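A short worksheet on the structure shown next.
Residue numbers (the working numbering): 1 to 481.
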C-alpha cells in the first residue's frame, strides 16, 4: 500500500491506464488513511469534514474519455457536492446537502476523478490559519503544534500528509498559495475567470477562484487542465485561449524574472528570505535573467483587499438568514428575531467581523471613501503588474512572509493574521495566475516560492515552476501523520 501512496497523481493515472494498478485499490488505500485521520479526532490532523464510505460506483480504470482514471480527489468544503455535506466550515450550514454539484467538481468527475473526501477550511474561506473553522483547527503535518495555513488548510495538509493524492482548493487572497507554502506542497491560483465559480459557496465574487493543491507541478498542470474553460452557469467564466500542457522545461534560458522590492524586504522572516535568495541564484544557474522591478502600489494591496473582500462578503452572506436552508433559530418571536439569532449563532467571530467591516464600507456616506477608493487602488495595482510585465516575463516573491506559526499564536491579533497574505493579495487583486512551490526550509519548516505571470500565462508559469522544482529537489518525506 505504501508504494501506491508514494505515486504522484499523474503516475497513478498512468498506472491505472496501463492496467498495473486498480482504481479501486488506489481509492481504498487513500480512503482508509483519510478515514483513520478523521476517526482520530484531536490525535489526527483534522483535515476532513466528510470521507467516502466506499469507492463511487462509477470508479473506473483510465481511458481516453476518463484520463484521470479514478484517482481520488479531496474537495474543499465550500464546493457544493450533490448529496454530500457542503458546509463551508460554518455551523450555519452544518449538515447541508446540496441538490447539485459545482461545475468544476463535475468536470473533474467527468474526467475520471473520484470524490474521496471534503476538506476542512476556515469558515467561508475567511482566514489564513484554518483556526476559524466551526469544525476545529487543522494541524500541520510537519509540526502538529503549528497551523497549515488557510483557508484551504485541510486540502493542503491532506496532500502533504499523503491522505489524498491531490485536492481542490479556492484562493481569494492567497488561500491556495499560502497553505501550500506552509505545508511544503504545490498550489496554484489560475487567472481569474478561467475556472467556473458555479457551485462554490461565495466569499468575494470578484476574487474567488478555484485551483489545485498537489505534490508536484505536473500534477497541478494535469488537474488544472481539466478545470479551466467557459461555463454557461458562470457569467464571469472565460474560454481559456489554449490547452494547459504538462510542463517539461529543464532550464530557464532567456526567461526574465522580476523581483519586486516591495514584496521581498521588510516584514519577511530572515530564514524565508535566505531560502528565496538561494532560489534566485539557482534560477540564474538555470539560465534566467533576474531583474529588479517596481510594484509601487503593492504595499497598499492588503488595505484595499480588506475593504473589497469584506464588502462583497457582506452581500454574499446576506442569503444565510434561516429562511431557505441551513441553521434556523428555534422559536423566534418574529422574523427579525429569527434573522438576528440565526446569524448570531451560526456565524463565527471572524465572519461577523468581516460582515461588519464590509457593511460599514458600503454604507451611505462611506462608499466612495472606502470601497470606491479601494477599487481605484486595485486598478493601480493591475497597472503596476502590466508595466512590470513589459520588462520581465514572470515575477518571483516569497509566498508567505513566515513559515508555519504555532496554533493560537495570532488569533488574538487580526492584523498580524491578515499580514500572512501580504505577498499573495496583489496577484489576487490583479486577477493574474500565480503558483507556490516549496523552495527550502527555515527552522525545519517549508518555505514557499511564488511565481506570477500575466493573465493566461499558466503554461509559462508552470514551466518555470517545474524547472525550479526539478533543480531544488525538495524532500516532502519529512511531512508525516
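For each residue, glycine too, the CB sits at the ideal point set by N, CA and C. For clarity, every value in this text was computed on a predicted model and none was experimentally measured.
Status (buried if at least 16 other CB within 10 Å, exposed otherwise) for residue 337: Along the chain shown, one-based indexing puts residue 337 at 337. Exposed, because fewer than 16 other Cβ atoms sit within 10 Å of the Cβ of residue 337.
Under 8 Å by Cβ, that's how I've got residue 221 and residue 257 pegged, so tell me the actual separation to the nearest angstrom. Counted from its first residue, the chain shown places residue 221 at position 221. Counted from its first residue, the chain shown places residue 257 at position 257. So it is not a contact: roughly 20 Å between Cβ atoms.
Which residues share a DSSP beta bridge with residue 211? Mapped onto the chain shown, residue 211 falls at position 211. Per DSSP, 169.
Please state if the CB of residue 116 and the CB of residue 31 are separated by a distance shorter than 9 Å. Stepping through the chain shown from its first residue, residue 31 is reached at position 31. Stepping through the chain shown from its first residue, residue 116 is reached at position 116. Yes, the pair counts as a contact, with Cβ atoms nearer than the cut-off.
Whole angstroms is fine: what's the gap from residue 304's alpha carbon to residue 124's? Start at 1 with the first residue of the chain shown, and residue 304 comes out as number 304. Start at 1 with the first residue of the chain shown, and residue 124 comes out as number 124. Going from the Cα of residue 304 to the Cα of residue 124 covers about 20 Å.
Where does residue 468 fall in DSSP's three states? Translated into positions along the chain shown, residue 468 becomes position 468. Reduced to three states, the DSSP call for residue 468 is helix.
Which value, in whole angstroms, describes the spacing of the CA atoms of residue 388 and residue 199? On the chain shown, residue 388 is found 388 positions in, with the first residue counted as 1. On the chain shown, residue 199 is found 199 positions in, with the first residue counted as 1. If I take the Cα positions, the gap works out to 35 Å.
Between residue 476 and residue 160, what straight-line distance do the alpha-carbon atoms span, to the nearest angstrom? Walking along the chain shown from the start, residue 476 turns up at place 476. Walking along the chain shown from the start, residue 160 turns up at place 160. Cα to Cα, residue 476 sits roughly 7 Å from residue 160.
For the beta strand (DSSP E) that residue 135 lies in, which residues bound it at each end? Along the chain shown, one-based indexing puts residue 135 at 135. Unbroken run through residue 135: none, as it is neither H nor E.
Would you be able to state if there are at least three C-beta pairs under 8 Å between the segment 264-281 and the segment 310-330? no
Under the DSSP definition of a beta bridge, which residues are partnered with residue 256? Working through the chain shown from its first residue, we reach residue 256 at position 256. 289.
Using a beta-carbon distance below 9 Å, is residue 413 in contact with chain D? No chain D appears in this structure, which consists of one protein chain only.
So for residue 320, helix, strand or coil by DSSP? The sequence position of residue 320 within the chain shown is 320, counting from 1. Coil, per DSSP.
I'd like to confirm the pairing. Which residues does DSSP put opposite residue 114 in its beta bridges? If you number the chain shown from 1, residue 114 lands on position 114. Answer is 72.
Distance between residue 90 and residue 126 (C-alpha atoms, nearest Å): As a position in the chain shown, residue 126 is number 126, starting the count at 1. As a position in the chain shown, residue 90 is number 90, starting the count at 1. So the two alpha carbons sit approximately 11 Å from each other.
Please look up how many angstroms separate the CB atoms of residue 143 and residue 404, rounded, as I've assumed it's under 8 Å. Mapped onto the chain shown, residue 143 falls at position 143. Mapped onto the chain shown, residue 404 falls at position 404. Going by Cβ atoms, the distance from residue 143 to residue 404 rounds to 7 Å, so yes, they are a contact pair.
Is it buried or exposed for residue 181, if we count other Cβ within 10 angstroms and need 16 for buried? Along the chain shown, one-based indexing puts residue 181 at 181. That one is buried.
Let me know the secondary structure DSSP gives residue 85 once reduced to three states. Walking along the chain shown from the start, residue 85 turns up at place 85. If DSSP states are grouped into helix, strand and coil, residue 85 belongs with coil.
Give me the Cα-Cα distance between residue 385 and residue 439, rounded to the nearest whole angstrom. By one-based count along the chain shown, residue 385 stands at place 385. By one-based count along the chain shown, residue 439 stands at place 439. In a straight line, the C-alpha of residue 385 is about 24 Å away from that of residue 439.
With distances taken from CA atoms, which of 168, 129 and 141 is nearest residue 149? As a working mapping, residue 149 is identified with position 149 in the chain shown. Looking at the Cα atoms, 129 is the closest of the given residues.
Could you please give me the residues that DSSP links to residue 425 through a beta bridge? Here the question's residue 425 lines up with position 425 in the chain shown. Note: residue 425 sits in no beta bridge, so no partner.
I believe residue 217 touches residue 469 by the beta-carbon criterion, under 8 Å. Please report the beta-carbon distance rounded to the nearest angstrom. Start at 1 with the first residue of the chain shown, and residue 217 comes out as number 217. Start at 1 with the first residue of the chain shown, and residue 469 comes out as number 469. The Cβ separation is near 5 Å, so the contact holds.
On the three-pair Cβ rule with 8 Å, is the segment 393-401 touching the segment 438-453? Taking 8 Å as the limit for Cβ pairs, the verdict is that the segment 438-453 does touch the segment 393-401.
Which residues bound the beta strand (DSSP E) around residue 187? Stepping through the chain shown from its first residue, residue 187 is reached at position 187. Where residue 187 is concerned, the enclosing beta strand (DSSP E) stretches over 186-189.
Using the C-alpha atoms, what's the distance from residue 369 back to residue 166? Locating residue 166 in the chain shown gives position 166, where the first residue counts as 1. Locating residue 369 in the chain shown gives position 369, where the first residue counts as 1. Straight-line Cα distance between these residues: approximately 43 Å.
Distance between beta carbons of residue 250 and residue 459, contact taken as under 8 Å: Taking the chain shown and counting its residues from 1, one reaches residue 459 at position 459. Taking the chain shown and counting its residues from 1, one reaches residue 250 at position 250. 15 Å between Cβ atoms; not a contact.
Residues near residue 487 in its chain [Cβ-Cβ closer than 8 Å; skip 5 each side]: The structure shown does not extend to residue 487, since the chain spans only 1 to 481, so no value can be given for it.
Are the Cβ atoms of residue 103 and residue 196 separated by less than 9 Å? Numbered from 1 along the chain shown, position 103 holds the residue referred to as residue 103. Numbered from 1 along the chain shown, position 196 holds the residue referred to as residue 196. Yes, they are a contact pair.
Integer-rounded CB distance, given that residue 327 should sit under 8 Å from residue 342: Sequence index remark: in the chain shown, residue 342 carries index 342 (1-based). Sequence index remark: in the chain shown, residue 327 carries index 327 (1-based). The Cβ separation is near 6 Å, so the contact holds.
Between 306, 253 and 223, which has its C-alpha nearest residue 286's C-alpha? Your numbering for residue 286 matches position 286 in the chain shown. Looking at the Cα atoms, 253 is the closest of the given residues.
Residue 463: buried (16+ other C-beta within 10 angstroms of its C-beta) or exposed? Working through the chain shown from its first residue, we reach residue 463 at position 463. Burial call: buried.
Please name the residue, chosen from 20, 132 and 446, that lies closest to residue 183 on a Cα-to-Cα basis. Taking the chain shown and counting its residues from 1, the one referred to as residue 183 is at position 183. If we check each option's Cα against that of residue 183, 446 comes out closest.
Start-to-end residues for the beta strand (DSSP E) that takes in residue 155: Taking the first residue of the chain shown as position 1, residue 155 is located at position 155. Where residue 155 is concerned, there is no enclosing beta strand (DSSP E), although the alpha helix (DSSP H) it sits in stretches over 153-160.
Please go through the same chain and pick out, in chain order, the residues whose beta-carbon is closer than 7 Å to the beta-carbon of residue 290, but skip the five residues on each side of it. In the chain shown, the residue the question calls residue 290 occupies position 290. The beta carbon of residue 290 sits closer than 7 Å to those of 257, 259, 280, 283 and 284, all from its chain and outside the five residues before and after it, given in chain order.
C-alpha gap between residue 17 and residue 173, whole angstroms: Taking the chain shown and counting its residues from 1, one reaches residue 17 at position 17. Taking the chain shown and counting its residues from 1, one reaches residue 173 at position 173. One C-alpha to the other measures close to 37 Å.
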